[in-house]
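Okay, so here's the structure we're looking at.
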Amino acid sequence: MSIRCSMPSRRSMAAVALTVGLVLPVAGCGGDGDEPDKTSKSSTPPDKGDGKSRGSGEPADDQPLAEAKGDGVTLVITSADRDGGGFVTVSGKVTNTSGDLWTGGQWRGDEQELQKNGGSVAGASLVDGAGKKRYLVLRDTSGRCLCTKFEGGLDAGQTADWYAQFPAPPEGTDEVTFQVGAMPPAPIEISEGE
-6 MSIRCSMPSR RSMAAVALTV GLVLPVAGCG GDGDEPDKTS KSSTPPDKGD GKSRGSGEPA
54 DDQPLAEAKG DGVTLVITSA DRDGGGFVTV SGKVTNTSGD LWTGGQWRGD EQELQKNGGS
114 VAGASLVDGA GKKRYLVLRD TSGRCLCTKF EGGLDAGQTA DWYAQFPAPP EGTDEVTFQV
174 GAMPPAPIEI SEGE
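With the numbering used here applied, the sequence shown corresponds to residues -6 to 187, in that order.
Okay, here's the thing in structure tokens:
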């Protein structure tokens, strides 16, 4: 056998051995999918049951960030996400518990410019107690809020989704209080958006 013929053979054999050497360990890592691997350990600590997932803005197990009752409604805050553009979007659900039509007029705020918004979340604010600052709902150039407007109101027992956008507090300020109308203040934690 000449040296020329054995070199390609050796290369082929080395490639096959290398491929088999890489495939076998990978194939050994997977299970049959029926049972979880009981020997593997998670790199994240287990949830301590506080109801909030870390860093996602979404509550774990559908637990709200905050809930407040008053003005004939129940307000639930489900997320408060900081965007890359310097905004915080707070969102959730509102349920009319009054037994009558609820229009949201008490939530539009007292400023003259906000009166054009009708029943809305325009009068909401985020309060940074540590920084002693209050952040109002953002508005466009026509004075319309960047928030939900409750067109036609909510009938008794009806639930609606809502949102409101605010200027973002400085980085590192994650604990603020959401306030709207005569509702009790609702402490929330801002998380980083995606």
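Ideal Cβ positions, reconstructed from N, Cα and C, are used throughout, including at glycine.
- Message: If you reduce the DSSP assignment to three classes, tell me which class L119 lands in.
- Response: Strand, per DSSP.
- Message: Using only the alpha-carbon positions, how far apart do A115 and T141 sit?
- Response: 8 Å
- Item | Where Q56 falls: helix, strand or coil (DSSP) | coil
- Which value, in whole angstroms, describes the spacing of the CA atoms of E182 and T166? 9 Å
- Message: Taking only three categories from DSSP, how would you classify L107?
- Response: helix
- Task: Take the Cβ of A231 as the centre, count every other Cβ of all protein chains shown within 10 Å, and call the residue buried at 16 or more, exposed below.
- Result: The structure shown does not extend to residue 231, since the chain is modelled only from -6 to 187, so the question has no answer here.
- Should T152 go down as buried or exposed, given a rule of 16 or more other Cβ atoms within 10 Å for buried? By the neighbour-count rule (16 or more Cβ atoms within 10 Å), T152 is not buried but exposed.
- Query: Using DSSP with H/G/I as helix, E/B as strand and the rest coil, what is K151?
  - Reply: A quick correction: the sequence has Gln, not Lys, at residue 151. Three-state DSSP puts Q151 in coil, outside helix and strand.
- Query: Applying the criterion that 16 or more other CB atoms from any shown protein chain within 10 Å of the CB defines a buried residue, is P162 buried or exposed?
  - Reply: buried
- Message: Looking at the strands, I want to know which residues DSSP matches up with S184.
- Response: D74
- Task: Determine the DSSP secondary structure at G98, reduced to helix, strand or coil.
- Result: helix
- Cα-Cα separation, G65 to G77: 35 Å
- Can you give me the Cβ contacts of A61 inside the same chain, cut-off strictly under 7 Å, excluding the 5 residues immediately before and after it? Closer than 7 Å at the Cβ level, and outside the excluded window around A61, lie L68, M176, P177, A179.
- Message: Measuring straight from C-alpha to C-alpha, what distance separates D43 and G146?
- Response: Since pLDDT at D43 reaches only 40, below the 50 mark, its modelled position is unreliable, and the value read off the structure follows with that caveat. Spanning the two alpha carbons is a distance of roughly 34 Å.
- Message: I'd like to check one pair, R101 with N89: are the Cβ atoms closer than 7 Å?
- Response: no
- Query: What are the start and end residues of the beta strand (DSSP E) that includes V87?
  - Reply: In the DSSP assignment, V87 falls within the unbroken beta strand (DSSP E) covering 80 to 89.
- Item | Outcome for T71 when other beta-carbon atoms lying within 10 angstroms are tallied against a minimum of 16 | Classification of T71: buried, given that the 10 Å Cβ count is 16 or more.
- Starting from the C-beta of G122, find all residues in its chain whose C-beta is less than 7 Å away, skip the five residues before and the five after it, and write them out in chain order. T170
- Tell me whether S33 is buried or exposed, calling it buried when 16 or more other Cβ atoms sit within 10 Å of its Cβ. The pLDDT assigned to S33 is 35, lower than 50, so where the model puts this residue is not dependable; a value taken from the coordinates is nonetheless given after this. Counting every other CB atom within 10 Å of its CB across the protein chains shown gives S33 a total below 16, marking it as exposed.
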